[in-house]
Amino acid sequence: METRLLFLYGTLKRGGSNHVYMRGQRFVAEASTAAHYRLHDMGGYPGMVSAEDGLSITGEIWEVDAEGLARLDELEDIEGGEYAREVIPLLPPHEGLRVEGYRYLRSVQGRPDLGRMW
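In terms of UniProt numbering, the sequence shown opens at residue 1 and continues consecutively.
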């Protein structure tokens with residue numbers, strides 16, 4: 001069965017309010033992104049956006065199967081344009097892994113900046 005590695009930074013992480021969506025998937029490691037992003041509070045969940053003054057975002061790497069990926073893409077509203085799933089550059093020791101994550105696509109104007117972690 002084909003799997004992918006995903007970087008999770010918000011409600012899907014262990015202990016998060018949407019962690020139930022990760023059932024049947026496998027936790028790999030804690031990780032941090034390269035300093036290319038900012039996290040904003042979107043009202044109950046974070047949105048990670050690309051930023052010139054970006055920070056290294058702290059999160060988790062998960063191994064996700066095709067069923068899990070479809071479930072997460074629906075939750076993150078890929079079709080509706082809320083998030084895009086794309087390769088996320090990580091810091092060592094994970095820099096060589098091909099890891100995808102969900103980048104927020106809508107405006108974060110006026111939304112609180114969360115720093116490095118949700």
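Glycine included, every Cβ here is placed at the ideal spot set by N, Cα and C.
Give a yes or no on whether the C-beta atoms belonging to residue i and residue j are separated by under 8 Å.
i	j	result
Leu97	Glu82	no
Gly47	Val87	no
Val99	Thr3	no
Arg111	Trp62	no
Measuring CA to CA, which of the options is closest to residue i?
i	options	result
Leu75	His19, Val87 and Val28	His19
Leu8	Met1, Val28 and Gly80	Val28
Ser32	Tyr102, Val99, Glu100 and Leu90	Leu90
Arg116	Gly44, Gln25, Thr3 and Asp53	Asp53
Ile78	Thr58, His40, Gly101 and Trp118	Gly101
Ala51	His40, Leu5 and Gly80	His40
How many Å lie between residue i and residue j at the Cα?
i	j	result
His94	Glu60	11 Å
Met42	Ala84	16 Å
Ser17	Thr11	5 Å
Ala70	Tyr37	24 Å
Thr58	Leu5	16 Å
Ala66	Lys13	18 Å
Next on the checklist: If we require 3 or more residues per run, which beta strand (DSSP E) segments fall completely within the UniProt domain "Gamma-glutamylcyclotransferase AIG2-like" (6-106)?
Outcome noted: Runs found: 26-32, 37-41, 46-50, 58-65, 83-87 and 99-104.
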